[in-house]
Amino acid sequence: MPELPEVETVRRELEPALAGARLTRVVARRPDLRFPLPHRFAERLTGARIERLERRGKFILAPLDTGETLTIHLGMTGRFDVRLARDPSCPPPDRPPAERKHAHILFETQAGALITFVDARRFGFMDLVDTAALAAHPRFAGMGPEPLGPAFDAAFLKRAFAGRRQGPKTLLLDQRIVAGLGNIYVCEALHRAGVSPVRGAARISLARVDGLAAAVRAVLAEAMAAGGSTLRDYARPDGGEGYFQHAFLVYGRAGKPCPSTGCHGTIRRIVQSGRSTFFCPVCQK
DNA sequence: ATTACGTCCTGTCGGC
DNA sequence: TGCCGACAGGACGTAA
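What follows is the structure, given as structure tokens:
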């Protein structure tokens with residue numbers, strides 16, 4: 003379940019193999035992921051040099067020397083398998099059948115690295131967009147600020163919440179308000195800030211919104227330092243696991259006692275906009 | 001403008 | 001033991 007910390011971890015681990023690398027071979031083993039791949043996808047990538055790897059929200063961006071940018075979204079189960087250049091006399095290790103079955107896109111670099119995009123549920127997607135027009139692209143034009151950037155603070159969030167009747171849970175998941183949060187970190191941030199996920203967002207005091215913005219930044223920074231969270235779906239390109247899941251205070255903990263000091267509440271699971279919300283009804287007001 | 005809800009996709013897990 | 005539904009949760013389309 004890649005959210006910002008997981009996507010950033012993946013970006014960093016792809017860098018050694020892909021930043022500055024020239025693609026010598028690209029294979030799309032099917033014409034679509036979540037959406038159809040763009041026209042002549044593999045051909046437009048083959049021979050291109052990836053100038054660097056960036057991240058915007060939950061997207062990985064790879065600007066190319068062709069004037070286009072490869073945009074990648076991992077969806078739910080998308081991940082990369084990275085094999086750096088190796089001794090050609092040593093055959094590659096066999097992969098488990100499930101891996102092979104859902105290996106949809108292959109990238110080979112001039113230096114001999116083999117990068118495989120694997121996505122069982124195919125909620126991920128890739129696109130090629132004109133780099134000069136990237137900011138104006140519908141997918142990015144309306145995207146909210148980076149939660150760890152300077153534009154995301156209490157004043158900004160207060161404005162975004164103004165006049166809104168939906169709960170902060172729903173609004174923080176909206177990538178047009180802030181880019182990169184997903185279900186897990188929104189639940190965790192709301193609990194840390196002591197803010198109820200169901201309270202009408204316009205009715206949250208500035209002081210609480212301030213605490214919420216701080217909690218969002220803190221939980222993301224901590225998760226990133228831990229290499230993200232590994233649940234059933236997410237795996238790092240290096241095969242390692244993130245370990246922030248051990249720091250969850252509410253996510254997936256329905257029925258367990260609230261971990262807040264002095265609070266005797268019990269974590270509840272409810273459904274908001276079709277998604278699970280985990281929270282403590284006692285200390286989240 | 002805002003809100004609500006359905007859709008996509010497949011593997012896993014719990015209950016019967 | 002096997003079947004079946006619930007669930008996981010990203011973005012997006014549609015309709016009110």
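Residue numbers (the numbering used here): 3 to 287. Heads up, the beta-carbon is just placed ideally off N, CA and C, and yes, glycines get one too. Just so you know, these numbers come straight off a predicted model, no measurement behind them.
Counting along the chain, Ala105 sits inside the beta strand (DSSP E) bounded by residues 105 to 111.
Residue range 6 to 20 is occupied by the alpha helix (DSSP H) that includes Pro18. The Cβ atoms of Arg178 and Gly144 lie closer than 7 Å to each other. In the structure shown, Gln274 adopts extended strand secondary structure according to DSSP, grouped into three states. The three-state secondary structure of Ile206, taken from DSSP, is coil. Assigned with DSSP and collapsed to three states, Leu214 falls in helix. Taking 7 Å as the cut-off, the beta carbon of Asn185 is found no closer than this to the beta carbon of Arg255.
With respect to the C-alpha of Thr263, the residue from His104, Phe127, Ser198, His193 having the closest C-alpha is His193. Ala30 is bridged by DSSP to Ile107.
Burial is judged here by how many other beta carbons sit within 10 angstroms of a residue's own beta carbon; Asp67 has fewer than 16 and is exposed. A contact between stretches requires three or more CB pairs, one per stretch, nearer than 8 Å, and the stretch 154 to 173 fails this requirement with the stretch 126 to 134. For Phe246, there is no enclosing alpha helix (DSSP H), as DSSP marks it with neither H nor E. His75 is bridged by DSSP to Phe61, Phe127. Annotated as distal: Tyr245 and Phe280, with beta-carbon spacing of 7 Å or more.
Residue pairing by DSSP places Arg51 opposite Arg24 in a beta bridge. Rounded to whole angstroms, Gly242 and Leu76 show a C-alpha spacing of 17 Å. In the structure shown, Glu70 adopts extended strand secondary structure according to DSSP, grouped into three states. Taking Glu56 as reference, the option from Val28, Gly22, Asp83, Ala156 with the minimal CA-CA separation is Gly22. The DSSP-derived three-state label of Phe142 is helix. Taking the CA atoms as reference points, Arg219 sits about 18 Å from His248.
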